[in-house]
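Here's the structure, in structure tokens; my notes come after.
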Amino acid sequence: MLMGLRHPPTLAFLTLTFALTLPGLALASPPTDIEALHPEPLIANGQGVGQCAWPTAVAVTGGGGLCTGTLIHPQLVVYAAHCGAGNKTIRFGETAFSGGRTESVQFCMTNPDYGGTGDQGHDWAFCRLKNPVTDLPITPPVSGPCENTIIQINQQVAVVGFGETLQGSSGVKNWGFTNLLAVDKPGNKVVLGGGGTSSVCPGDSGGPAYVQFPDGSWRTFGIASTVSGGCGGNGTHALLEGALGWLEAESGLDVTPCTDSEGNWAPGPLCGGFNTLTPNQGVGDWSSWCAGTPASVVSDVCGNAWDDFDEGQLPSVSIASPVWGDTFQANSEVDIFIDAAKHPDGFSIKEVRLKINGGDVASDLADPYEFLKANFVTPGVFTMVAVAEDWSGNIVESEPVAIGIDTEVPPKPEPDPDTGDGDGDGGSGDDGGTSFGGDDFGADFGADDDGAGCACNSTEGSPGPWWLLGGLGLLGLRRRRDG
């Protein structure tokens, strides 16, 4: 990986830009020169890493060659789309083919909008791990306008990868400091390295560009895509920020513990505990998941820490779609969208739950709050109520929304002034909402008790059936993602 110019470039390196993947042929057997770490720098202005240094940079092998990736969430590794999605092995450690630890993959996906080598701004992919890596402090994405102010020309950053070196070897993790040369936020890419500073080489594809925040934590902002002028030339990285919406929607995971889906500062308890290692100084060994790796305290880099808000300021919640009176045919799929937000001075939202006819059927742990493909199979009128709970324990309910399944919906009743307006101002606890909701609604307008029942399922990889509610007649509800 990294750096400077190698021996005179081959014809392949004379193209302006090329993807950084090493061909799969190189993976037929582990190279003999990567069994042990190299104690001396391997390449100009870069060096091999010590044990457990830069531990969230991982090797991504199989199904197209050697690439590099980054653990940005305990269960999510990001890398480059041009590395492909098939048959991936994720290895934590200092060499790509031996040692360290491997983690089983649940599934991988590449960005379907990636347009090829010249489309660096869309060159991203991910693998969701079968089990979360909970013993290793992560390096989460830079997210939101405030955090992204650090991404600017001349900012010092670190690049890490398992790619080629000046000696032509590959498969050993190397790293180096460099500076940002160009920042193209509309194009979702940055250029770094070259000119004798650390840069990227084939095999570094998908690898991280890290930046250190004022609190000492390392955050991931770039995904290595292409290099101009050959190994060690100017490297172009996709900005991870542009991938976040797609990553969360497709993986089913919340990868932004400090911000909401719009990039606003909305920290929860997981906004902290990020990797704060001194560059290239690892702690522990891989048998213990690098035990003792230092981690940051709760973050307040863009506002209050998650536990430093006013518990008297309540969140708001409402059902955006469907609306009262909407009707659907039996067995049609209904997508349910919830608007929920923290008060500017209040705690962040912990969870949004969906009630149908008075019973909890599903929950979502991160915005945007969506309950997709609800399949109502029994004719009748059904009421939905959204419940938002913040991290201080405040609980508020939305106004109810009634829909009809092959049935006309009665007119919406006037709210009972004694119970609040139901839009999040009803106080803490389950006191919000109107008198026309909750457990009483199903008795008056819900499906019959001998209905088909429901199995409410979450997205792939989440815990499975949520509830079985006799008489509801709801099948196949899935929530959007996990925390």
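Read left to right, the sequence shown gives residues -28 to -1, 1 to 455 (mature numbering (1 follows the signal peptide of the UniProt record, and there is no 0)).
Beta carbons are placed, not taken as given, at the ideal position from N, Cα and C, and that holds for glycine.
Predicted model only: the values in this text are computed from it and were never measured.
Residue environment, residue i, which counts as buried when at least 16 other CB atoms sit within 10 Å
i: residue 314; result: buried
i: residue 62; result: buried
i: residue 19; result: buried
i: residue 124; result: exposed
i: residue 112; result: buried
i: residue 301; result: exposed
i: residue 456; result: In this structure the chain extends from -28 to 455, so residue 456 is not present and cannot be described.
i: residue 47; result: buried
i: residue 126; result: exposed
i: residue 226; result: buried
i: residue 58; result: exposed
i: residue 280; result: exposed
i: residue 76; result: exposed
i: residue 92; result: buried
i: residue 106; result: exposed
i: residue 156; result: exposed
i: residue 95; result: buried
Where the alpha helix (DSSP H) through residue i begins and ends
i: residue 221; result: 216 to 223
Euclidean distance between Cα positions of residue i and residue j
i: residue 432; j: residue 158; result: In this predicted model, residue 432 has a pLDDT of only 36, less than 50, meaning its place in the structure is not dependable enough to derive any value.
i: residue 354; j: residue 379; result: 10 angstroms
i: residue 363; j: residue 369; result: 15 angstroms
i: residue 312; j: residue 339; result: 8 angstroms
i: residue 67; j: residue 286; result: 50 angstroms
i: residue 292; j: residue 345; result: 16 angstroms
i: residue 352; j: residue 97; result: 43 angstroms
i: residue 73; j: residue 187; result: 29 angstroms
i: residue 181; j: residue 264; result: 23 angstroms
i: residue 160; j: residue 250; result: 29 angstroms
i: residue 88; j: residue 51; result: 15 angstroms
i: residue 190; j: residue 28; result: 10 angstroms
i: residue 350; j: residue 376; result: 10 angstroms
i: residue 297; j: residue 104; result: 42 angstroms
i: residue 387; j: residue 305; result: 29 angstroms
i: residue 360; j: residue 333; result: 14 angstroms
i: residue 246; j: residue 228; result: 12 angstroms
i: residue 43; j: residue 200; result: 26 angstroms
i: residue 421; j: residue 240; result: In this prediction, residue 421 scores a pLDDT of 36, lower than 50, which makes its location untrustworthy; the coordinate-derived value is nonetheless stated afterwards. Taking the straight line joining both Cα atoms gives about 40 angstroms.
i: residue 83; j: residue 214; result: 11 angstroms
i: residue 290; j: residue 132; result: 44 angstroms
i: residue 37; j: residue 365; result: 49 angstroms
i: residue 78; j: residue 99; result: 7 angstroms
i: residue 307; j: residue 242; result: 29 angstroms
i: residue 256; j: residue 151; result: 30 angstroms
Cβ distance (whole Å) where residue i is taken to contact residue j below 8 angstroms
i: residue 183; j: residue 295; result: Not really, about 44 angstroms apart at Cβ, beyond 8 angstroms.
i: residue 310; j: residue 358; result: 5 angstroms
i: residue 284; j: residue 268; result: Residue 284 to residue 268, Cβ: 28 angstroms. No contact.
i: residue 195; j: residue 178; result: 6 angstroms
i: residue 303; j: residue 116; result: With a Cβ gap of about 41 angstroms, residue 303 and residue 116 do not count as contacting.
i: residue 356; j: residue 381; result: Not a contact, Cβ separation roughly 12 angstroms.
i: residue 53; j: residue 40; result: Wrong, their Cβ atoms sit about 14 angstroms apart, outside the cutoff.
Nearest candidate by alpha-carbon position, reference residue i, set the options
i: residue 273; options: 42, 119, 111; result: 119
i: residue 153; options: 163, 345, 146; result: 163
i: residue 259; options: 65, 323, 48; result: 65
i: residue 26; options: 110, 365, 289; result: 110
i: residue 21; options: 134, 126, 83; result: 134
i: residue 70; options: 198, 262, 33; result: 33
i: residue 81; options: 56, 156, 384; result: 56
i: residue 316; options: 185, 231, 149, 193; result: 231
i: residue 322; options: 198, 224, 341; result: 341
i: residue 288; options: 318, 210, 207; result: 318
i: residue 165; options: 35, 248, 185, 129; result: 129
i: residue 329; options: 320, 348, 336; result: 348
i: residue 207; options: 90, 116, 256; result: 90
i: residue 224; options: 102, 193, 255, 326; result: 102
i: residue 219; options: 39, 371, 45, 37; result: 45
i: residue 149; options: 252, 262, 356; result: 252
i: residue 147; options: 372, 24, 276, 278; result: 24
Limits of the unbroken beta strand (DSSP E) element including residue i
i: residue 99; result: 97 to 101
i: residue 180; result: 180 to 184
i: residue 116; result: Premise fails: residue 116 lies in the alpha helix (DSSP H), 116 to 119, not in any beta strand (DSSP E).
i: residue 48; result: 48 to 51
i: residue 207; result: 206 to 211
i: residue 310; result: 305 to 313
i: residue 341; result: 341 to 348
i: residue 197; result: 190 to 200
i: residue 327; result: 321 to 328
i: residue 292; result: 288 to 293
i: residue 122; result: No beta strand (DSSP E) contains residue 122, which DSSP labels as neither H nor E.
i: residue 149; result: 146 to 156
i: residue 335; result: 331 to 336
CB contact check: residue i to chain B, cutoff 9 angstroms
i: residue 25; result: The structure shown contains no chain B; it holds only a single protein chain.
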